[in-house]
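Here's the structure, in structure tokens; my notes come after.
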Amino acid sequence: MERKNAAQAKDLIAREETIRGLQRRVKTLEAIGGPGRVQLLYPTARIEIDSKSRGYDQDGQPGDDGVVVYLRPYDADGDVVKAAGIIHVQVLDLAAAPTQQLVAEKRWSPEESRKAWYGRLMTNHYTLRLPWGDKGPPRHSSVTLRVVFHDVITGEMFEAQKLVSITLPPTPSGV
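This is the structure in structure tokens:
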């Protein structure tokens, strides 16, 4: 019985220490910004599709095999930030018939987008590759990239679009 009481007393002391520690953390967090402290994390303020985004050739055959999108999230100060988010990319051929405009589409989870981050001297961006897929390449050499970025910290959604040129495969003669 004595052992049981001693163990319970020890457990009670440990719980009280935990509670005091948590209370100290709450006071510290309240002192450094209260509910508005999320803004201190440099959240995303806008996104931009880099001008180097384009078609890419993977197989060495004439014509691009898909597009590569270089995406940069920026904070309110205009600095590139490695922001956690869900990224949704669409490749659209707006010169095609409405039912045929969606050429390729892909979504990256926060875990997948983290792996797509490229941060080196003088460049920081997400590198996102989208192959044409089963539908094949678009019919026109200009496609629109549409990117939607959902910031997981703030829940905000950001959108960017950019027109890029691609290299189409040669068309068979007589077509």
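Everything in the sequence shown is counted per the numbering used here, starting at 19 for the first residue and increasing by one.
We put the beta carbon where it would ideally sit given N, CA and C, even for glycine.
Could you name the residues of the same chain whose beta carbon sits closer than 8 Å to that of residue i, not counting the 5 residues immediately before and after it, in chain order?
i: S159; result: S183, I184, T185, L186
Helix, strand or coil: how does DSSP classify residue i here?
i: I37; result: helix
i: P155; result: coil
i: Q119; result: coil
i: V8; result: No information on residue 8 is available, as it lies outside the stretch 19 to 193 that the chain covers here.
i: A178; result: strand
i: V44; result: helix
Taking its Cβ as the centre, do 16 or more other Cβ atoms sit within 10 Å of residue i, making it buried, or is it exposed?
i: A27; result: exposed
i: I67; result: buried
Under 8 Å between the Cβ atoms of residue i and residue j?
i: G84; j: P149; result: yes
i: A115; j: P156; result: no
Give every residue of the same chain whose Cβ lies closer than 7 Å to the Cβ of residue i, excluding the five residues on either side of it in the sequence, and list them in chain order.
i: L59; result: I171
Got a sec, what are the start and stop residues for the alpha helix (DSSP H) residue i sits in?
i: E130; result: 128 to 133
Hey, quick one: how far does the beta strand (DSSP E) through residue i stretch, first residue to last?
i: L163; result: 160 to 169
i: Q108; result: 103 to 110
i: I50; result: Run containing I50: none; DSSP gives neither H nor E here.
Which same chain residues, not among the five before or five after residue i, have their C-beta less than 6 Å away from its C-beta?
i: V99; result: Y60, P91, D93
Does the beta-carbon of residue i, which I'm using as the reference point, lie nearer than 7 Å to any heavy atom of the ligand ADP?
i: V98; result: No copy of the ligand ADP appears in this structure; indeed no ligand is present at all.
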